Amino acid sequence: MSTDPLNHSQFEEGTTLDRFLLETLRGHPEATGQFVTLINQVTLAAKLVSARVNRAGLANMFGATGTMNIQGEFVQKMDLYANETFKRAIEHAGVVCMMVSEEEEEIIQIPPPFSPGHYVFCMDPLDGSSNIDTNASIGTIFCIFRRKSEGGPGKPEDALRCGRDLVAAGYIVYGAGTVLVLSTGRGVHGFTLDPTVGEFFLSHHDIRLDPTARTYSCNEAYSATWDQRLGSWLATTKDPATGWSARYIGSLVGDFHRNLVKGGVFLYPPSQKAPKGKLRLLYEAFPLAFLAEQAGGAATDGHGPILDRTLTSLHERTPLYIGNAETVQEITRLLTTPA
Ligand code: AHG
Ligand code: MN
Ligand code: MN
Numbered sequence: 077m078s079t080d081p082l083n084h085s086q087f088e089e090g091t092t093l094d095r096f097l098l099e100t101l102r103g104h105p106e107a108t109g110q111f112v113t114l115i116n117q118v119t120l121a122a123k124l125v126s127a128r129v130n131r132a133g134l135a136n137m138f139g140a141t142g143t144m145n146i147q148g149e150f151v152q153k154m155d156l157y158a159n160e161t162f163k164r165a166i167e168h169a170g171v172v173c174m175m176v177s178e179e180e181e182e183i184i185q186i187p188p189p190f191s192p193g194h195y196v197f198c199m200d201p202l203d204g205s206s207n208i209d210t211n212a213s214i215g216t217i218f219c220i221f222r223r224k225s226e227g228g229p230g231k232p233e234d235a236l237r238c239g240r241d242l243v244a245a246g247y248i249v250y251g252a253g254t255v256l257v258l259s260t261g262r263g264v265h266g267f268t269l270d271p272t273v274g275e276f277f278l279s280h281h282d283i284r285l286d287p288t289a290r291t292y293s294c295n296e297a298y299s300a301t302w303d304q305r306l307g308s309w310l311a312t313t314k315d316p317a318t319g320w321s322a323r324y325i326g327s328l329v330g331d332f333h334r335n336l337v338k339g340g341v342f343l344y345p346p347s348q349k350a351p352k353g354k355l356r357l358l359y360e361a362f363p364l365a366f367l368a369e370q371a372g373g374a375a376t377d378g379h380g381p382i383l384d385r386t387l388t389s390l391h392e393r394t395p396l397y398i399g400n401a402e403t404v405q406e407i408t409r410l411l412t413t414p415a
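In the numbering used here, the protein residues as written are 77 to 415.
Below you can see the structure in the form of structure tokens.
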């Protein structure tokens with residue numbers, strides 16, 4: 077199998093996301109149309125948010141709303157717009173029984189007259205909020221479970237799940253271009269939006285994480301209060317002989333996308349400022365861990381695989397070490413060996 081993410085020999089130029097889904101899901105009789113409908117609604121919302129992000133400075137979309145969310149963070153205007161846009165695009169389609177969003181404390185029920193569907197949709201509607209006004213890459217991160225409860229409105233147990241229950245995960249990165257990256261459990265594939273026709277076209281077929289890359293991504297300003305065992309690993313990156321280089325955008329989705337397509341590792345360890353880590357398990361760590369593993373990489377919380385975790389509260393935070401498997405496993409070994 078080619079490792080060149082741009083070589084999609086089995087799909088000629090111009091394969092849309094919709095066609096790719098229909099062709100790859102054809103072999104799965106249990107796949108109802110609901111999943112394709114859900115992804116189509118995600119892409120509709122992604123196009124709307126992309127258009128708004130691209131005009132943020134002109135559409136009065138910079139800055140904060142003046143309110144604070146469950147995370148204790150000031151909600152940016154774009155956070156709210158993205159949250160509402162994804163909710164509205166998905167709730168009427170009759171394909172999800174509930175949603176969970178970083179921007180809402182409680183589970184989001186499907187309002188009447190819309191009917192609940194098979195899936196649970198969990199999202200960080202706008203990741204990288206601190207970068208909205210800087211024109212740096214920001215994005216939307218999501219993951220999808222099949223509902224656990226039988227019929228009717230979704231229940232908390234539909235979201236309080238083990239990461240291994242995920243059926244799909246993805247993100248949209250609103251950068252120089254708008255790229256949607258998705259996995260349904262059969263590899264990781266990227267689709268680039270052509271705004272002139274309003275379609276996502278296959279641009280990165282079967283993305284594989286480069287195991288040899290030596291790029292690390294973390295906010296080193298907090299490293300003085302990290303677990304001291306990480307300090308020894310961080311020191312090795314400063315040895316010119318190791319060939320390490322640093323890149324940090326401050327948007328998880330941008331840092332992860334770079335590492336996915338070019339190789340590298342991202343770390344957000346616990347620190348004095350974020351004793352449990354800053355990133356959220358359900359709609360940041362789970363989806364990216366699903367993608368990392370599907371691309372041949374790994375993701376742990378410093379003890380074990382992120383996807384082995386079971387969510388105990390909707391917005392719980394976790395440490396995150398994610399990227400090429402060898403480095404993630406080396407860091408995890410360090411953190412599980414007595415100091
Ligand atoms: P969000 O904007 O959804 O709250 O996420 C921000 C996160 C993540 O995108 C990024 O990796 C991290 O915050 C950056 O944190 P620091 O500013 O502490 O480095
Ligand atoms: Mn985020
Ligand atoms: Mn966010």
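Where a beta carbon is used, it is the ideal one built from N, C-alpha and C, also for glycine. Since we're looking at a predicted model, the values are computed, not measured.
Inter-residue spacing [alpha-carbon to alpha-carbon] between residue i and residue j
i       : j       : result
Lys-352 : Asp-282 : 33 Å
Gly-204 : Leu-120 : 21 Å
Pro-287 : Arg-409 : 17 Å
Gly-380 : Glu-160 : 35 Å
Phe-150 : Ser-206 : 10 Å
Ala-122 : Leu-278 : 16 Å
Gly-326 : Phe-342 : 11 Å
Ala-375 : Ser-321 : 20 Å
Arg-164 : Gly-227 : 21 Å
Thr-413 : Cys-238 : 26 Å
Thr-254 : Tyr-298 : 31 Å
Thr-210 : Arg-102 : 42 Å
Leu-383 : Leu-364 : 10 Å
Tyr-397 : Leu-411 : 11 Å
Ala-289 : Pro-316 : 15 Å
Ser-78  : Thr-92  : For Ser-78, the predicted structure reports a pLDDT of 39, less than 50, and the residue's modelled location is therefore unreliable. A value from the coordinates is still provided. Taking the straight line joining both Cα atoms gives about 21 Å.
Asp-155 : Pro-201 : 7 Å
Tyr-250 : Gly-170 : 27 Å
Leu-82  : Ala-415 : Bear in mind that a pLDDT of 38 at Leu-82, under 50, signals an unreliable position, so the model cannot answer this.
Val-264 : Phe-138 : 32 Å
Val-329 : Ser-213 : 8 Å
Pro-271 : Val-118 : 16 Å
Val-129 : Asp-331 : 18 Å
Gly-319 : Gly-142 : 44 Å
Lys-349 : Ser-225 : 38 Å
Gln-304 : Ser-191 : 51 Å
Gly-90  : Gly-274 : 13 Å
Gly-148 : Leu-134 : 28 Å
Ala-401 : Ala-371 : 10 Å
Asp-94  : Thr-108 : 14 Å
Ile-146 : Pro-187 : 22 Å
Cβ neighbour criterion (16 or more within 10 Å) applied to residue i
i       : result
Gln-405 : exposed
Glu-167 : buried
Lys-153 : buried
Lys-314 : exposed
Pro-189 : exposed
Arg-262 : exposed
Arg-385 : buried
Leu-52  : Lying outside 77 to 415, the shown extent of the chain, residue 52 is not represented and no answer is given.
Glu-181 : exposed
Glu-99  : exposed
Leu-114 : buried
Beta carbon proximity, residue i to chain B, threshold 7 Å
i       : result
Phe-111 : Absent from the structure: chain B. Only one protein chain is present.
Residue of the options minimising C-alpha distance to residue i
i       : options                            : result
Asp-234 : Leu-387, Ile-398, Leu-411          : Leu-387
Tyr-157 : Asn-136, Leu-396, Ala-300, Val-171 : Asn-136
Tyr-339 : Gln-370, Tyr-292, Thr-100          : For the sequence presented, residue 339 should be read as Gly rather than Tyr. Residue Tyr-292 is the option with its Cα nearest to Gly-339.
Leu-124 : Gly-142, Leu-269, Leu-98           : Leu-269
Ser-259 : Ala-415, Ala-300, Val-112, Thr-108 : Val-112
Ala-132 : Ile-208, Ala-350, Leu-97           : Ile-208
Met-144 : Ala-371, Gln-370, Ser-389, Glu-179 : Glu-179
His-333 : Gly-215, Pro-271, Ala-244          : Gly-215
Asn-116 : Ser-126, Leu-97, Ile-184, Thr-301  : Leu-97
His-280 : Thr-272, Phe-267, Val-273, Phe-366 : Phe-267
Trp-29  : Thr-318, Ile-407, Pro-271          : Any answer about residue 29 is impossible in this case: the structure gives the chain only from 77 up to 415.
Cys-198 : Ser-225, Phe-162, Ala-212, Ser-213 : Phe-162
Met-174 : Glu-369, Arg-323, Leu-236          : Leu-236
Residue i vs residue j beta-carbon contact at 7 Å
i       : j       : result
Arg-240 : Val-196 : no
Leu-357 : Thr-312 : no
Gln-110 : Gly-193 : yes
Tyr-359 : Ile-217 : yes
Leu-256 : Ile-248 : yes
Gly-373 : Leu-285 : yes
Asn-335 : Gly-399 : yes
Thr-301 : Ser-347 : yes
Val-176 : Ile-183 : yes
Pro-361 : Leu-355 : It should be noted that the sequence gives Ala, not Pro, for residue 361. Yes. Within cutoff.
Ile-220 : Ala-252 : no
Gln-185 : Pro-232 : no
**Q.** 4 or more residues per run - each alpha helix (DSSP H) lying fully within the region 115–198
**A.** 153–167
Q: Scan the region 271–334 and note each continuous beta strand (DSSP E) run of 3 residues or more that stays entirely inside, going in chain order.
A: 275–280, 291–293
**Q.** Entirely enclosed beta strand (DSSP E) segments - the region 355–396, minimum 3 residues
**A.** 374–376
Q. Quick one: complete beta strand (DSSP E) runs, 3+ long, within the region 192–270?
A. 195–203, 214–222, 244–250, 254–259, 265–270
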